[in-house]
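Working notes, beginning with the structure itself.
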Amino acid sequence: MRRVRAALALVLALAGPVAAQTQAPPQQLPILIVDYDRLYQDSAFADTIRDQLDRDAEALKAENDRIVAALTEEERSLTLRRPSMTAEAFREEATAFDTKVQAIRRARDAKEVELQQARVAAREGFYTSVRDVIGQLMLERGASVILDRRSVFLALAASDITDEAIARIDETMLDPDDPAPDAATPLISGSPEGEDEAGPVQPEPAEAPQLDP
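According to the numbering used here, the sequence shown is numbered sequentially starting from 863.
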């Protein structure tokens, strides 16, 4: 009987450490943080995208300025010719001019909206294109997840890999042999044929001269 009890005690003594080992909590993987706004603001790769958008915006403004000048000159010409025109002829030209101005305004508004949409799409496209680069960093660090800094209340500075991510993005995505984007290939569509006389959104286009009652 004593031998049985001794054997049972030995089994229980050995089983204790084994059970403790099997119940040990798994090792937690680190969590990393990235400032996603800085990725787009500070990376040289993103600069190439923003530079093209800025060129598009400058081209649109220059076109608007040219159209303002053309409309102003057209209005001045109509005003100067008014004394030699019949009331009916002047009314027809003034109405046509006003209709033209309104159509121009709609066309230029559409261009402005298109430019803003291009900015949003370019930013989203940037994040999509660098996703694998960030994912590789996560694997190299043995992390389980990468969080956007905006969603983190408090964290150690060592968990923020934004600077490393920016350097890796530029190293991976920028090709030194690849020339900068061609200014002749804007991210927004060009003016459709026949839109030479399109007018500006800002400032307001010239109004048609008022007719005498």
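Ideal placement from N, C-alpha and C gives every residue a C-beta, glycine not left out. None of these values were measured; they are calculated from a predicted model.
Worksheet item: Going by alpha carbons, who is nearest to Tyr898 out of Asp918, Thr1024 and Leu915?
Response: Thr1024
Discussion item. By alpha-carbon positions, which one of Arg985, Arg1030, Leu1036 and Thr948 ends up nearest to Leu999?
Written reply: Arg1030
Worksheet item: Is any beta-carbon of chain B found at less than 8 Å from that of Thr990?
Response: As a matter of chain content, chain B is missing from the structure shown, which is built from one protein chain.
Worksheet item: Helix, strand or coil for Leu1016 per DSSP?
Response: coil
Practice prompt. Please list, in chain order, all residues of the same chain as Ala1070 whose beta carbon is under 6 Å from its beta carbon, the five residues on each side excluded.
Written response: The predicted model places Ala1070 with a pLDDT of 37, which falls under 50 and marks its position as unreliable; any figure quoted below should be read in that light. Only Ala956, Phe959 and Asp960 meet the Cβ criterion.
Worksheet entry | Inter-residue spacing [alpha-carbon to alpha-carbon] between Arg934 and Arg917 | Reading off the sequence shown, one finds Thr at residue 934, where the question assumed Arg. Looking at the two C-alpha atoms, the distance is approximately 26 Å.
Fill in: Segment contact, 8 Å Cβ cut-off, at least three pairs: the segment 970–984 with the segment 936–944
no
Item to complete: Determine the closest residue to Gln890 out of Val1007, Ser1013 and Thr1034, with distance taken between C-alpha atoms.
Response: Val1007
Worksheet item: If you pair each beta-carbon of the segment 985–994 with each one of the segment 896–914, do three or more pairs fall below 8 Å?
Response: yes
Discussion item. Within 10 Å of its beta-carbon, does Phe1015 have 16 or more other beta-carbons around it, so buried, or fewer, so exposed?
Written reply: exposed
Worksheet entry | Span of the beta strand (DSSP E), counted from its first residue to its last, around Ile1008 | Val1007 to Asp1010
Item to complete: Check whether the Cβ atoms of Leu922 and Arg1003 lie closer than 8 Å to each other.
Response: no
Item to complete: Measure how close the beta-carbons of Ile1028 and Ser905 come, nearest whole angstrom, since I'm counting them as under 8 Å.
Response: 5 Å
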